[in-house]
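Below is one structure; the comments refer to it alone.
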Amino acid sequence: MTIKQEKNTLEELQKAEKHYSDSKFWDKLKKFGKKAGSSVVYAVLLLYYTLQKPEVPAKTKAIIIGALGYFILPLDLIPDLAAGVGYTDDLGALGLALLQVAMYIDDDIKSQAKEKLTEWFGPSVDTAAIDEKIK
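Per my numbering, numbering through the sequence shown is continuous, rising by one, with the last residue being 925.
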């Protein structure tokens, strides 16, 4: 991702903040989680559980809320209902947010996210690709 693309994505996240709420988050995740796929869901859960940590600074929480708001937003760069690619831009925005907040993602957060992921997708879900990026 170029610096210009990263800046544009961060601006989109700021605009999306207003779309975030806990109830909208869980509604979208329950309704579209399987369609979005385990990678998107894992990224979303990591951000959500990081948001719950009281020691995470407000600026970092704003990035998380923007990314989750973008995920919730029904109309984004690539409509979520587009077969096969609808969550590609969501994953890009979520990935950027994950990189911005990675220092706050600890083993407990990963464990919580993986537990919920296993509930929805079964025990054979592979989270290695995302885990490698946020080391």
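Cβ atoms here follow ideal geometry from the backbone N, Cα and C, with glycine treated the same way.
Who are the Cβ neighbours of L835 in its own chain at under 6 angstroms, not counting the five residues just before and after it? For the purposes of this step, residue 835 is taken as the residue at position 45 of the sequence shown. Excluding residues within five positions, the ones whose Cβ falls inside 6 angstroms are A903, K906.
As a quick exercise: from Y810, L888, S813, pick the residue whose alpha carbon is nearest that of A919. Residue mapping note: residue 919 aligns to position 129 of the sequence shown, counting from 1. The candidate whose alpha carbon is nearest that of A919 is L888.
E905 by DSSP, collapsed to three states: which one? Locating residue 905 in the sequence shown gives position 115, where the first residue counts as 1. Annotated three-state conformation of E905 is helix, per DSSP.
Neighbourhood of G823 by C-beta distance below 7 angstroms, restricted to the same chain and skipping five residues each side: Taking the sequence shown and counting its residues from 1, the one referred to as residue 823 is at position 33. Its chain contains V831, W910 as the residues whose beta carbon lies nearer than 7 angstroms to that of G823, once the 5 sequence neighbours on both sides are disregarded; these appear in chain order.
Please state if the CB of A892 and the CB of K923 are separated by a distance shorter than 9 angstroms. Here residue 923 corresponds to residue number 133 of the sequence shown, with the count starting at 1. Here residue 892 corresponds to residue number 102 of the sequence shown, with the count starting at 1. Yes, the Cβ-Cβ distance between K923 and A892 is below 9 angstroms.
Could you tell me the alpha carbon to alpha carbon distance between Y894 and L863, rounded to whole angstroms? As a position in the sequence shown, residue 894 is number 104, starting the count at 1. As a position in the sequence shown, residue 863 is number 73, starting the count at 1. If you take the alpha carbons of Y894 and L863, they lie about 25 angstroms apart.
Separation of I899 from Y839, as counted between CA atoms: Within the sequence shown, residue 839 is the residue found at index 49, counting from 1. Within the sequence shown, residue 899 is the residue found at index 109, counting from 1. Answer to the nearest angstrom: the Cα atoms are 6 angstroms apart.
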